[in-house]
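Asks: To start, I am sharing the structure in question, which I have written as structure tokens.
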């Protein structure tokens, strides 16, 4: 699938294993005044990898950072909680600099 098809919602020839179809959007968690954290653990063979999408609106533009950690957890719920905690620590450490 081409980059533009992915960006603008085009269909691929094989949609059976499509990431978009199998990956529901996580509910955002507001952190601080204006950071949104979307816990999005990644399914691995041994469990779930800690990952999250962090968004913040800066000067009218939504900035996005994809955070993927090496940590894995056995259950999806644990990985979602771990993703949220790691994202909060990352925001505390980096602040808006993560979007540079």
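Numbering (the numbering used here), first residue to last: 3 to 102.
Just so it is clear, CB atoms sit at the ideal spot from N, CA and C, and this is done for glycine as well.
Since the model is a prediction, treat every value here as computed from it, not as a measurement.
(1) What would DSSP say about residue 97, mapped onto helix, strand or coil?
(2) For residue 82, which residues of its own chain have a beta-carbon under 7 Å away from its beta-carbon, when the five flanking residues on both sides are left out?
(3) Tell whether a beta-carbon distance below 8 Å holds between residue 85 and residue 54.
(4) Give me whichever residues DSSP pairs with residue 32 in a beta bridge.
(5) Which first and last residues belong to the beta strand (DSSP E) in which residue 61 is found?
Replies: Concretely, from the data shown:
(1) Within the chain shown, numbered from 1, the residue matching residue 97 stands at position 95. Residue state, collapsed to three classes: helix.
(2) Looking up residue 82 in the chain shown gives position 80. Cβ within range, chain order: 41, 43.
(3) Here residue 85 corresponds to residue number 83 of the chain shown, with the count starting at 1. Here residue 54 corresponds to residue number 52 of the chain shown, with the count starting at 1. In this structure, residue 54 lies closer than 8 Å to residue 85 by Cβ.
(4) The count along the chain shown starts at 1 and reaches residue 32 at position 30. Looking at the DSSP output, residue 32 shares a beta bridge with 38.
(5) Position 59 of the chain shown, counting from 1, holds the residue named residue 61. Element bounds for residue 61: n/a, residue is neither H nor E.
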